[in-house]
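Asker:
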Amino acid sequence: MDTIYDFISPEFLNILFFQQKNLVIYPYVDLKHIHSLDCFTVGYEVVDLDSTVLHNLREIIEFEASSSYSQQPTFYYILNAKVEDIKILLESPNIHCVINTHENVEHLANGDKFIFYNKKNNAFLNYEPERVNLSFEQHLIQTSQNEQILSDEILKIKSLATKIFVDLNNRNNADNLAKLMRDYDQIFWD
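In the working numbering, the protein residues as written are 49 to 238.
1. Please return the same chain residues whose Cβ sits closer than 8 Å to the Cβ of isoleucine 56, not counting the five positions on each side in sequence.
2. Nearest to glutamate 132 by alpha carbon, out of Glu151, Phe172, Thr122 and His144?
3. Rounded to whole angstroms, what's the CA-CA distance from glutamine 67 to isoleucine 126? Just pull it up for me.
4. For phenylalanine 162, which option in Asp223, Leu173 and Lys168 has the closest C-alpha, if you only look at C-alpha atoms?
5. Between which two residues does the alpha helix (DSSP H) holding threonine 210 run?
6. With a cut-off of 8 Å, does the C-beta of proline 177 fall near any C-beta of chain D?
7. Going by DSSP, which residues form a beta bridge with valine 77?
8. Excluding sequence positions up to five away, which residues of its chain have a Cβ less than 6 Å from the Cβ of leucine 105?
9. Considering Cα atoms alone, identify which of Pro58, Tyr53 and Asp54 is closest to asparagine 181.
10. By alpha-carbon positions, which one of Phe164, Val214 and Asp54 ends up nearest to aspartate 78?
11. In the structure shown, what three-state DSSP assignment does phenylalanine 172 receive?
12. What are the boundary residues of the alpha helix (DSSP H) that includes isoleucine 134?
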């Protein structure tokens, strides 16, 4: 049985927030459980799209990506996607999404822009968590008492990343980096 905590894991935090990858989850998972991933979408405007009622999914996403005036990019939860829809979305360059489908889509797991996750087997097809250092992600999740605190910590990291980006562009050196990173243990700096 699915729970909202199934997706609150170091792997999903790494994939969606730190690596900024897309995710394909199959077989189908209830919407409220999928939305537990919201805490990893800090900085995005979240939109649900049910592909069973849309005949122009690609056009909608491409239009949104090219003409949005929003300060925040859009993160899509694309629900009930058919294999044909997923094939099209795999080719979309400016999308950030979680796709959920009833269909077996193992044969589409190619490359690393879209990470495929078989919920039934609790297994990734094209992502090897054991090859990734997830100690910082584990630390964040373990020290957060609930999803809201975890979201706040992730927002703090996003804010820090913006400060580092601006500082590096203004100074052209990393002299101020240690001062900016003072809230995080140096063991996580790699």
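Every residue gets a Cβ at the ideal spot worked out from N, C-alpha and C, and that includes glycine.
A quick note: this is a predicted structure, and the numbers were derived from the prediction, not measured.
Answerer: Straight from the coordinates:
1. Short of 8 Å from the beta carbon of isoleucine 56, and not among the five residues preceding or following it, lie these beta carbons of its own chain, in chain order: Ser84, Cys87, Ile189, Glu195 and Leu198.
2. It is Glu151 whose Cα lies nearest to the Cα of glutamate 132.
3. When rounded, the distance between both Cα atoms is 19 Å.
4. Residue Leu173 is the option with its Cα nearest to phenylalanine 162.
5. Per DSSP, threonine 210 belongs to the alpha helix (DSSP H) from 195-219.
6. Chain labels in this structure do not include chain D; a single protein chain is all it has.
7. DSSP lists no bridge partner for valine 77.
8. Around leucine 105: Ser99 and Asp133.
9. When only C-alpha atoms are compared, the closest one is Pro58.
10. For the residues Phe164, Val214 and Asp54, the minimum Cα distance to aspartate 78 belongs to Asp54.
11. Phenylalanine 172 falls in the strand class under three-state DSSP.
12. Counted as a single uninterrupted DSSP element, the alpha helix (DSSP H) harbouring isoleucine 134 occupies residues 131-138.
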